[in-house]
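Below is one structure, written out as structure tokens; comments come after it.
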Amino acid sequence: MPTFGAMVGGVRHVVARHLHRRIVAVFLGLLLLVQAASFFAIRHGIEANARRDIDAGMKTGEALLRRLLAQNAQQLREAARLLAADYGFRAAIAVGDASTLTDALQNQAERIGADVAVFTDPRGAPVAATMADSRTVLSMLAADAKGDPAMRGDTGLQAHEGRAYQMVTVPVKAPTLIGQVSMGFPLAATLPADLRTLSSLGVFLLARAPGGTWQPLAIAGADAPDTTLRAVIDRDPAVASAEIGGESTALHLAPLGRNGEREIAALLTRSIDAAVAPYRELQIVLVVITLAGVLVFALGTFFTARRITRPINALAESAARLASGDYASPVPSAGADEVGHLARSFESMRVGIRERDAEIRRLAYWDSLTGLPNREQFRQLVKDRLVIAQRSGDPCSVMMLDIDRFKQVNDVLGHGFGDRLLGAIATRLQGGVLREGDTLARLGGDKFVVCMPRAGVDAAMSVAERLCAALQLLITLDEHTVDVSAGVGIASFPEHAATADLLLGRAELAMYSAKAKQSGITVYHPALDSSSESSLSLLSELRAAIDEGQLRLFLQPKFSLASGDASGAEALVRWQHPRRGLLGPGEFIPFAEQTGFIREITGWMVEKSAAKYALLRDRGLDLKIAVNLSTRDLMDLRLADKLERTLARAGLEPSALGLEITESAMMDDPERALATLQRLDAMGHTLSVDDFGTGYSSLAYLKRLPLHQLKIDRSFVMGMETDRADLKIVRSTIDLAHNLGYSVVAEGVETAQTLAILRALKCEEAQGFFMAKPMFEDAFGAWFDQWSKPQTRLRTEFAELM
Amino acid sequence: MPRPPRSFFLCLALLSGSAWSATFSVAVSDAAGKPLEGAVVTVSVAGAAKVAPAGTMAEMTQQNRQFAPRTLVVQAGTSVHFPNLDTVRHHVYSFSPVKPFELKLYAGTPAAPVLFDKPGIAVLGCNIHDRMTGWIAVVETPYFAKSDAAGHARIEVPDGEHLVRVSHPQQADGAVFERRMRAAPLAVRLAFTPDP
Chain R
148 MPTFGAMVGG
158 VRHVVARHLH
168 RRIVAVFLGL
178 LLLVQAASFF
188 AIRHGIEANA
198 RRDIDAGMKT
208 GEALLRRLLA
218 QNAQQLREAA
228 RLLAADYGFR
238 AAIAVGDAST
248 LTDALQNQAE
258 RIGADVAVFT
268 DPRGAPVAAT
278 MADSRTVLSM
288 LAADAKGDPA
298 MRGDTGLQAH
308 EGRAYQMVTV
318 PVKAPTLIGQ
328 VSMGFPLAAT
338 LPADLRTLSS
348 LGVFLLARAP
358 GGTWQPLAIA
368 GADAPDTTLR
378 AVIDRDPAVA
388 SAEIGGESTA
398 LHLAPLGRNG
408 EREIAALLTR
418 SIDAAVAPYR
428 ELQIVLVVIT
438 LAGVLVFALG
448 TFFTARRITR
458 PINALAESAA
468 RLASGDYASP
478 VPSAGADEVG
488 HLARSFESMR
498 VGIRERDAEI
508 RRLAYWDSLT
518 GLPNREQFRQ
528 LVKDRLVIAQ
538 RSGDPCSVMM
548 LDIDRFKQVN
558 DVLGHGFGDR
568 LLGAIATRLQ
578 GGVLREGDTL
588 ARLGGDKFVV
598 CMPRAGVDAA
608 MSVAERLCAA
618 LQLLITLDEH
628 TVDVSAGVGI
638 ASFPEHAATA
648 DLLLGRAELA
658 MYSAKAKQSG
668 ITVYHPALDS
678 SSESSLSLLS
688 ELRAAIDEGQ
698 LRLFLQPKFS
708 LASGDASGAE
718 ALVRWQHPRR
728 GLLGPGEFIP
738 FAEQTGFIRE
748 ITGWMVEKSA
758 AKYALLRDRG
768 LDLKIAVNLS
778 TRDLMDLRLA
788 DKLERTLARA
798 GLEPSALGLE
808 ITESAMMDDP
818 ERALATLQRL
828 DAMGHTLSVD
838 DFGTGYSSLA
848 YLKRLPLHQL
858 KIDRSFVMGM
868 ETDRADLKIV
878 RSTIDLAHNL
888 GYSVVAEGVE
898 TAQTLAILRA
908 LKCEEAQGFF
918 MAKPMFEDAF
928 GAWFDQWSKP
938 QTRLRTEFAE
948 LM
Chain G
60 MPRPPRSFFL
70 CLALLSGSAW
80 SATFSVAVSD
90 AAGKPLEGAV
100 VTVSVAGAAK
110 VAPAGTMAEM
120 TQQNRQFAPR
130 TLVVQAGTSV
140 HFPNLDTVRH
150 HVYSFSPVKP
160 FELKLYAGTP
170 AAPVLFDKPG
180 IAVLGCNIHD
190 RMTGWIAVVE
200 TPYFAKSDAA
210 GHARIEVPDG
220 EHLVRVSHPQ
230 QADGAVFERR
240 MRAAPLAVRL
250 AFTPDP
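Read top to bottom, the protein sequences are chains R and G. 148 is the number of the first residue of the first sequence in this note's numbering; add one for each residue after it. 60 is the number of the first residue of the second sequence in this note's numbering; add one for each residue after it.
See below:
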């Protein structure tokens, strides 16, 4: 997958390559389009113009031809008139015989260059002719006579025997009219030559008999139509243009005359190519101008596009630098135009990004609340420290703290207060407690962490103790005085972990363990870690212990202080380990609580206790057995159901089993614990609070619990004889319990005097080594049988206190 | 030239006259009814000489490049002189069958007159001046006259019934008025219009 930088690089490349060319291509394309359009328009105009020129030339040529023909006829007529006035000719006509007359005509015709001459009387009847065939002469005369004068004009044009003639008729006077002489002149080649000279037109004369096709008339000395033109004439000469002799030729058919038999017309030709030739040169010039324009335009566009794309490329490069994380190089500004504006926008974007980047880094690596390094930075720091430690062979420890009951502080005093408290705690932690080189960080929430280079477990431990001591000094904030304590976990490199993450994780594990045990400071050991190898094997061994019956139910009797008889028993567990022998609860219960396996053990205990109760009942003993519930059990929503099922199987009432809960077990999630306890109470179980006095539960909370019994912690009971304060606590607790309607059990009774004091204090029950140690269940029956009440007497010193 | 239809208009008026002689008074008009000058009127009288006595002479001059008179009426057998009164020479000719002749370039009066012995009309021209045209009408009766500018002609004839002919020498087809009648005033309208 391409990186952003590579993509920007690609974009820059594309911009450089394509925008530039595209601008040139678009503008050149448009120019070419316009040029092509104008070129074709001009070409069209030129052609139309040429066509008009040709048409106009044709009309002029036609008029010219008529004029030439008329002029010719006029000249011929004048010549004929002169000849007709010749005295000798007139004498010959007037007095001569027919043959003389014919000779005279012949003579005159030869003089003037006429092919034919004929003399008619004043009425038009032929008298003599030069041609022997008088019919021919007659037909020509008749044609001339019948010819449409409007059409014929003054040309006297005649067609005869495939040749073109001009016929003129002049009167012969002697001195009055004695007749007319008509003379026929073959059309001279000078006529087409003149026309060509004057108008660049070729001319061919055509004749057509009615219903027939056009036939060319020969003109002596002039070119006859070539075969291609001949073909056109044969087909239809009345077309605008045709291909004649390999040339595109314009044609124009001009009717010149009509006589009774024939139509006569002139076919004018004009080479279109020749007519267009001057325009062609103009077009070539146009093409040259166009090409030169395109070249100049291409160069202009090229350089203009370069001027645009160059700053864009520079911007693209700046963007690429930004993409690669280089926010230091300023974006070069480029003038006052749009690109310059864009560059300035880029620059302000770069500044903004740089500032935000710094802010993000700060947020990413620093805790905004306390100003301490955050988890990410701390993790990196630990990594670096471990590398150094590895190199020097020194240890390196990590200590993690979690402030106790911070959640309650937050809930009760508000988050603002909580935040300020965290700040105050951070200040406190930094205040001279740490060694030189130790680093404090906040992991979020109420967790703090300290990295201690060159500190083994012992050094870390001493730091931790100093730290806890510092914390325990009251913090006064906003007129509230807060008692701060923390659970502390310590893990050390290389003893507990080889990597930073593992080291942190194990310190955290140790911390949770410390909080669970409320033991202040805990150093990591593998048993804490459910995921460690030894833990895994321990877990599987525990499982095996249940499956293979390695667990043992022990019972420690409780005694009624009023009667001195055994009133019940607390169920305890031992593990008959196949290799390690009999293990006490401290060896595996904390681990079971951590891993959740405690639920299995509780289930086992309930089952065994129920069975034992049933067994004892059968012997006539009603000894209520109390089972301890852990935090996990309280959080287990199915606990009540499971208890109910187990008791039902054993055929027992719920009152047969008492349930003991530690204060701290309830405090993890008081509401949920309350719900479970209420359910159990409703079922009929007797509920008692274990280790009363060591936890932190408020009386307000205790008041809400459906309790029946308080169990005073052994630490108070055992010190009662020597420590008057403990005695006062025990007495107050018993009074408190009684006032709340609870019965009281004292545990840890080890002397007769203690027992006597408790009795004097109206404590209901007692439990302890003085009366009986925990015993294997099978031994319980025998013990009970040989049990005798101890005799106790309260010493006078205590009697005074009562 | 359109050919006019042949038509005659005759007006007769009885006039008293002497027993031995009578006068034909003819008023000639052209096709348009206008008086016609130069019309030739002849009366054929039985027994009268057809040919003029030898030595009868007449004269047609050329003056101002014109024949004068333009029309000359003579009896057959009359010799006509053509005196040239102009300073330029003339070449008078006639190709008419009545009397083809030619008087080559001359000045003054040619020595020999031209004898007109056959009846008919001779058209005269000049080879130098094409515009000169003259007519000589040769008749076979001594009783003839030429209408004046008013179209009038008078001929004294013996009493009796005679053949009257009226024609105009320029009338190409020779259309004439002919009637046998006694002398009387006569109005003749010829189907002819002279050239202007």
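Every residue, glycine too, gets a C-beta built ideally from N, C-alpha and C.
Do you know how far the Cα of residue j is from the Cα of residue i?
| i | j | result |
| --- | --- | --- |
| A367(R) | E428(R) | 38 Å |
| F186(R) | G349(R) | 32 Å |
| I195(G) | Q125(G) | 14 Å |
| G271(R) | V317(R) | 12 Å |
| F564(R) | D514(R) | 17 Å |
| I772(R) | F701(R) | 11 Å |
| M830(R) | E717(R) | 20 Å |
| Q218(R) | S138(G) | 49 Å |
| E912(R) | K705(R) | 6 Å |
| M116(G) | P322(R) | 25 Å |
| A72(G) | P244(G) | Per-residue confidence for A72(G) stands at a pLDDT of 35, beneath the threshold of 50, marking its modelled position as unreliable; no derived number is given. |
| S418(R) | Q182(R) | 29 Å |
| I170(R) | I193(R) | 34 Å |
| G208(R) | R198(R) | 15 Å |
| S684(R) | R532(R) | 32 Å |
| K177(G) | A241(R) | 18 Å |
| L590(R) | P673(R) | 23 Å |
| K858(R) | P725(R) | 34 Å |
| G915(R) | D860(R) | 12 Å |
| P91(G) | V100(G) | Inspection of the sequence shows that residue 91(G) is occupied by Ala rather than by Pro. In a straight line, the C-alpha of A91(G) is about 19 Å away from that of V100(G). |
| L770(R) | S835(R) | 16 Å |
| Q555(R) | N521(R) | 24 Å |
Along chain R, which residues have their Cβ under 7 Å away from the Cβ of residue i?
| i | result |
| --- | --- |
| G184(G) | A321 and P322 |
Closer than 8 Å by beta-carbon distance: list the chain R residues that pair up with residue i, in chain order.
| i | result |
| --- | --- |
| V191(G) | Here residue 191(G) turns out to be Met, not Val, going by the sequence shown. Neighbours of M191(G) on chain R, chain order: P322. |
Who are the neighbours of residue i on chain R, taking C-beta pairs under 9 Å?
| i | result |
| --- | --- |
| F154(G) | R237, A238, I240, A241, V242, A321 and I325 |
| P253(G) | Under the 9 Å cutoff, chain R gives no residues; its nearest Cβ is about 12 Å from P253(G). |
| P159(G) | A238, A241 and V242 |
Which same chain residues end up closer than 6 Å to residue i when comparing Cβ atoms and leaving out the 5 residues on each side of it in sequence?
| i | result |
| --- | --- |
| L689(R) | F744 |
| M148(R) | With a pLDDT of 44 at M148(R), under the threshold of 50, the predicted position of this residue should be treated as unreliable, though the coordinate-derived value follows. If we look at M148(R) and ignore the five residues flanking it on each side, it has no Cβ neighbours. |
| E410(R) | R355 |
| V486(R) | P458 |
| T302(R) | L216, A217 and A220 |
| L729(R) | R721 and Q723 |
Give every residue of the same chain whose Cβ lies closer than 7 Å to the Cβ of residue i, excluding the five residues on either side of it in the sequence, and list them in chain order.
| i | result |
| --- | --- |
| I881(R) | V891, L908, K909 and C910 |
| F927(R) | L702 |
| K93(G) | none |
| G667(R) | C615, V635 and A661 |
| L342(R) | G208, L211, L212, L215, L348 and V350 |
Beta-carbon within less than 8 Å of residue i's beta-carbon, same chain only, minus the 5 sequence neighbours each way: which residues are those?
| i | result |
| --- | --- |
| L178(R) | G440, V441 and F444 |
| A256(R) | D262, V263, A264, T277 and M330 |
| Q697(R) | A691, W722, Q723, H724 and P725 |
Interface residues of the region 227 to 238 of chain R facing chain G [CB-CB below 8 Å]: A232, Y234, R237 and A238
Using 8 Å as the Cβ pair cut-off and three pairs as the minimum, do the region 440 to 457 of chain R and the region 187 to 202 of chain R touch? no
Pair every Cβ in the region 236 to 245 of chain G with every Cβ in the region 135 to 147 of chain G, then say whether three or more of these pairs are closer than 8 Å. no
Looking at C-beta atoms only, is the number of pairs between the region 261 to 269 of chain R and the region 326 to 338 of chain R that lie closer than 8 Å three or more? yes
How about the region 244 to 255 of chain G and the region 114 to 132 of chain G: do they share at least three Cβ pairs that are nearer than 8 Å? no
Is it a yes or a no for the region 622 to 635 of chain R touching the region 548 to 561 of chain R, going by three-plus beta-carbon pairs under 8 Å? yes
Are there three or more Cβ pairs, one per stretch, closer than 8 Å when the region 883 to 897 of chain R is compared with the region 722 to 735 of chain R? no
Are at least three pairs of beta-carbons, each pair with one atom in the region 178 to 197 of chain G and one in the region 212 to 219 of chain G, less than 8 Å apart? no
Please determine if the region 748 to 760 of chain R and the region 774 to 787 of chain R are in contact, where contact requires at least 3 C-beta pairs separated by less than 8 Å. yes
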